[in-house]
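Here the structure is laid out as C-alpha cells; the discussion comes afterwards.
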Amino acid sequence: MKRTVPLMIVMVGGILMILQYFIPHQISQTVFAYYTDWTPIIVAFALVLGVGSLTRIHSHKIRRKAKNWQYSYAVLIPLFGMPVLAHIWPVSLSGGMESPSIFHFTFMHVQVSIQATMFSLLAFYIASAAFRAFRAKSALATVLLLSAVVVMLGQVPIGELLGRWLPETGLWILRYPNLAAKRAIMLGVGFGMLATNLKIIFGVERNWLGGTGK
Amino acid sequence: MNIWGKMLNIDRRWIFLGIGVVSIVPFFINFGMPVRTTREVESIYEYVDELGSDNAIFISFDFAPGTQAENMPMSVAVMRHAFYNDVPVFMTANYPLHHGMMLAAMDYVFNPTTEGFYEDVDFEDWRELREAGVTAKDELVEAWENQGNQLPDGATGWVFEGRDYAALGYAPVFSLVILGLTVSIETQYPVDAHGNSTGEMPMLQEHKSLREVDLALTSSGSGACVWWVTFAREKIGLPIAFGLTAVMATDYFPYLQSGQVIGQMGGLRGAAEYEVLLAENGITPSTDKAFVGMDVQSAAHLLIILLIVMGNIAFFAGGFHKKTLLKGGR
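These protein sequence lines map, in sequence, to chains A and B. Residue 1 is where the first sequence starts when you use my numbering, and the numbers rise one by one after that. Residue 1 is where the second sequence starts when you use my numbering, and the numbers rise one by one after that.
In C-alpha cells, the structure reads:
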C-alpha cells in the first residue's frame, strides 16, 4: 500500500498531463488548471520540509560542536534573518520604513557581491587551466586548440582588428560543426529523458520511492 | 630544470596577477574597440523594433547575481528598447534570487544617474487618471504633464507602472507558471511584486495571456531558458528570444536553426551588439556597460591565448612531448 498509492498517483498524474497537452478542450484545460494549482501547494510543503531539515542538521552540528560548526551560524542566521527583514521587520537603513530596506541593501551588497565574486574567480582558474592543459599533443587536440583560439578571438573586438576572417570563421564553427554536435547530443539526451520518464510513469523505475526498486 | 621547464611550472599566481591587471586596466583606459553585429542579435532587435503600444513582451530574468555581468546588460537593453517604442513589458523571474535581479534592472533603468533613464510613475500615483479612463500612452502622458508633472532633464520618457510595465517577479515552479500564463496571466500573478492588483492594470486587461503577447525574452544563466521553448513556444507558438551567458551560447544554436527562437544574444558580446544597435539608431544616447566590458574581454582573451601559445612552445621546445609519449600516454 505504501508503494502502490504513490505509484498510482504518478501514473495517473503523468498520463493525464501527457494527454491534456494534446487535447484543446475545456475539460482538459480545467484538469490542467486544477493540477497546476496543486503544484505550488505541494512545493510550499516541500519548502517547510527543506527549511526544517536544514535547521535541524545545523542546530545539531552546533550543539555537538562538530567540525566547522561555526559555519552553521552562517547558514542559520541569513536563513531566518532575511525573511524577517523582508516580511516582518522591513525597516530601512535609517530605521524608518522608506526604501531602500535593510533586506534590499543586504541582497544587493552581500548576496550579489558574493555570487559575482565566486563566478568571477572562474576567469582566473580558466586562464591557469588553459595554460597547463591546452596542449597540441595529438591531431584531435590540435583541432580543438585551434578552434578554441579562433572562437575566442572571433568573439571579441580585437579579433576583428586582427583579421575579418577570424570572427567569420569563429561564427562558422559555432553555426555549423558546433550546432551539429550539440543537436546530436540533445537528441540523445532527449530520447534518454523520454525513456526514463515513461519508465517512472509506468512504475518500471521505482528508485525515486527510495530503496532498491523492488 | 631548463628555461622551458621553468616556464611550464610558472607559479599560477603570476597568471592570476596577469588576468587581474588586464581585467582592471581597460576600465580606466577606454579603447572603445568596434563591435560588429551578427544576425543572431539583429533578428531580436528588428523584431522588437517592429512592435508598438498594441503589442507586449515578456522579459524573464532567469539569472542569478553570478552571471549578472552578462545577463543584466542584455535585459536592460531590450527593456529600454521596448520602453522607447511604448511596448508594454511584463517582467518575471524563475527563482527568488532572480527576482532581485529584476528589481536591480528596474532600479538601473529608472535611476536618474543612468544616461537616458526613464522616469517611473508608480501604479498608485496615476490612479486618478486610470479611473477616469485615460490609459492610452499618448493621452496618459499628456494628461499627466497637464497635472503639472515635468519630465526631468536627461530622461528619455515616462513609464507608467501597469501601462508600460508590470513587475510580476518570482512565482514557484516556474515551468508550470509558464504553462499557466498561456491560459491567464492574472491567475498566475493576482498581484505584482509591489502588491498591486494586476487585474486593474490596463496592460493586463489588453494582454490577458501569453497568447496575446508577442515575444518572450529569457535572459538566462541556466537551462531554464528551454522552459520557454517547451511550454510557451511549442504549446501556443509564442516567439522566444534567448539572452544567454557565453558558455551557454554554444549549446543553443540548434534552437536557432530550427526556428524555435527568433534570435540569441550570447554573453557580453551579444549584449554589446544590442547596445550598439540601440545607440546607432538613437534609442539610447550611447552604448552601455556591455560595450565597455568588451575591451576587458578582448584583453583577457588575448592574454589567455598568449598563455596557451607560450605553454605549447615550452612544451615542444623543452621536449616534454617526447617524454610524455615514452611514458605511454598522451
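Glycine included, every Cβ here is placed at the ideal spot set by N, Cα and C.
Inset, instruction - Give the DSSP-derived three-state secondary structure of B/Gln260 in the structure shown. - result: What you label residue 260 of chain B is simply residue 260 of the second sequence in a count that begins at 1. In this structure, B/Gln260 counts as coil in the three-state DSSP scheme.
Legend entry - Under 8 angstroms between C-beta atoms of A/Ser92 and A/Pro100: For the purposes of this step, residue 92 of chain A is taken as residue 92 along the first sequence, with counting starting at 1. For the purposes of this step, residue 100 of chain A is taken as residue 100 along the first sequence, with counting starting at 1. In this structure, A/Pro100 lies closer than 8 angstroms to A/Ser92 by Cβ.
Legend entry - Alpha-carbon to alpha-carbon, B/Arg39 and B/Tyr366: Since the first and last residues shown for chain B are 1 and 330, residue 366 of chain B lies out of range.
Inset, instruction - Answer yes if the stretch 79-88 of chain B comes into contact with the stretch 236-256 of chain B, meaning at least three C-beta pairs across the two stretches below 8 angstroms, and no otherwise. - result: Counting C-beta pairs with one atom in each stretch, the stretch 236-256 of chain B and the stretch 79-88 of chain B have fewer than three that are closer than 8 angstroms, which means they do not touch.
Inset, instruction - Tell me whether the beta-carbon of B/Leu140 lies closer than 8 angstroms to the beta-carbon of B/Leu151. - result: Taking the second sequence and counting its residues from 1, one reaches residue 140 of chain B at position 140. Taking the second sequence and counting its residues from 1, one reaches residue 151 of chain B at position 151. Going by C-beta atoms, B/Leu140 is not nearer than 8 angstroms to B/Leu151.
Legend entry - Own chain partners of A/Leu145 with C-beta closer than 7 angstroms, once the 5 adjacent residues on each side are dropped: In the first sequence, counting from the first residue as 1, residue 145 of chain A sits at position 145. Only Phe134 and Ala136 meet the Cβ criterion.
Inset, instruction - Name, please, each residue of chain B whose Cβ falls closer than 7 angstroms to the Cβ of A/Leu174. - result: For the purposes of this step, residue 174 of chain A is identified with residue 174 of the first sequence, where counting begins at 1. What A/Leu174 touches in chain B, judged by beta-carbon distance under 7 angstroms, is Thr250 and Phe253, going in chain order.
Inset, instruction - Please report how far the alpha carbon of B/Gly52 lies from the alpha carbon of B/Pro73, in whole angstroms. - result: The residue given as residue 52 of chain B occupies position 52 in the second sequence. The residue given as residue 73 of chain B occupies position 73 in the second sequence. Rounded to the nearest angstrom, the two C-alpha atoms are 22 angstroms apart.
Inset, instruction - Check the C-beta distance from A/Val48 over to A/Ile201 and give it rounded, since I have them as a contact under 8 angstroms. - result: Indexing the first sequence from 1 puts residue 48 of chain A at position 48. Indexing the first sequence from 1 puts residue 201 of chain A at position 201. That belief does not hold up - the Cβ atoms of A/Val48 and A/Ile201 are roughly 27 angstroms apart, past 8 angstroms.
Legend entry - Where A/His25 falls, given that 16 or more other Cβ within 10 Å makes a residue buried: The residue labelled residue 25 of chain A in the question sits at position 25 within the first sequence. By the 10 Å Cβ count, A/His25 comes out exposed.
Legend entry - Identity of the residue in B/Val78, B/Ala224 and B/Leu215 nearest B/Ala290 by Cα: Looking up residue 290 of chain B in the second sequence gives position 290. The residue with the shortest Cα to Cα distance from B/Ala290 is B/Val78.
Legend entry - Close Cβ partners of B/Gln257 (< 8 angstroms) along its chain, the five nearest in sequence each way excluded: The residue you call residue 257 of chain B lines up with position 257 of the second sequence. Excluding positions up to five away in sequence, the list is empty.
Legend entry - Buried or exposed (CB count within 10 angstroms, at least 16 for buried), B/Arg163: Along the second sequence, read from residue 1 onward, the residue named residue 163 of chain B stands at position 163. The residue in question, B/Arg163, is buried, as its Cβ has 16 or more Cβ neighbours within 10 Å.
Inset, instruction - Step through the CB atoms of chain A and report whether any lies within less than 8 angstroms of the CB of B/Pro73. - result: On the second sequence, position 73 is the one that residue 73 of chain B refers to. Under the Cβ criterion of 8 angstroms, B/Pro73 is not counted among the residues facing chain A.
Legend entry - Bridge partner(s) assigned by DSSP for B/Ile57: Against the second sequence, residue 57 of chain B aligns to sequence position 57. According to DSSP, B/Ile57 bridges with B/Val89 and B/Leu215.
Legend entry - Enclosing alpha helix (DSSP H) for A/Asp37 [first to last residue]: Residue mapping note: residue 37 of chain A aligns to position 37 of the first sequence, counting from 1. For A/Asp37, the uninterrupted alpha helix (DSSP H) run begins and ends at Gln26 to Arg64, by DSSP.
Inset, instruction - Alpha carbon to alpha carbon, how far is B/Ala314 from B/Gly343? Give it in angstroms, no decimals. - result: Lying before the first or after the last residue shown, residue 343 of chain B is absent from chain B, which here runs from 1 to 330.
Legend entry - chain B within 8 angstroms of A/Arg56, Cβ atoms only: Within the first sequence, numbered from 1, the residue matching residue 56 of chain A stands at position 56. Not an interface residue.
Inset, instruction - Using the Cα positions of B/Asp214 and B/Arg36, report the straight-line distance between them to the nearest angstrom. - result: Start at 1 with the first residue of the second sequence, and residue 214 of chain B comes out as number 214. Start at 1 with the first residue of the second sequence, and residue 36 of chain B comes out as number 36. The straight-line gap from Cα to Cα measures roughly 27 angstroms.
Legend entry - Between the CA atoms of A/Trp38 and B/Asp11 - distance to the nearest angstrom: Here residue 11 of chain B is taken as the residue at index 11 of the second sequence, counted from 1. Here residue 38 of chain A is taken as the residue at index 38 of the first sequence, counted from 1. Answer to the nearest angstrom: the Cα atoms are 56 angstroms apart.
Inset, instruction - Taking B/Ser23 as the query, report the chain A residues whose CB atoms sit under 8 angstroms from its CB, ordered along the chain. - result: Counted from its first residue, the second sequence places residue 23 of chain B at position 23. Under the 8 angstroms cutoff, chain A gives Ala123.
Legend entry - Stretch pair the stretch 7-25 of chain B + the stretch 46-63 of chain B: three plus CB contacts closer than 8 angstroms: Short answer: they don't touch.
Legend entry - Same chain only: Cβ atoms within 7 angstroms of A/Arg141, ignoring 5 sequence neighbours per side: As a first step, residue 141 of chain A must be located in the first sequence, where it is residue number 141. A small fix is needed here, since residue 141 of chain A is Ala in this sequence, not Arg. Within the same chain, A/Ala141 has close Cβ partners Arg135.
Legend entry - chain B contact for A/Ser28 (CB, 8 angstroms cutoff): Locating residue 28 of chain A in the first sequence gives position 28, where the first residue counts as 1. So, not an interface residue.
Legend entry - Contact with chain A by B/Ala279, beta-carbon distance below 8 angstroms: Within the second sequence, numbered from 1, the residue matching residue 279 of chain B stands at position 279. No, because no Cβ of chain A sits closer than 8 angstroms to the Cβ of B/Ala279.
Inset, instruction - Using a Cβ cut-off of 8 angstroms (strictly closer), state whether B/Val173 contacts chain A. - result: Numbered from its first residue, the second sequence carries residue 173 of chain B at position 173. Chain A, which has a Cβ nearer than 8 angstroms to the Cβ of B/Val173, makes this yes.
Legend entry - Whole-number beta carbon distance between B/Pro88 and B/His194, since they are thought to touch under 8 angstroms: Residue mapping note: residue 194 of chain B aligns to position 194 of the second sequence, counting from 1. Residue mapping note: residue 88 of chain B aligns to position 88 of the second sequence, counting from 1. So it is not a contact: roughly 16 angstroms between Cβ atoms.
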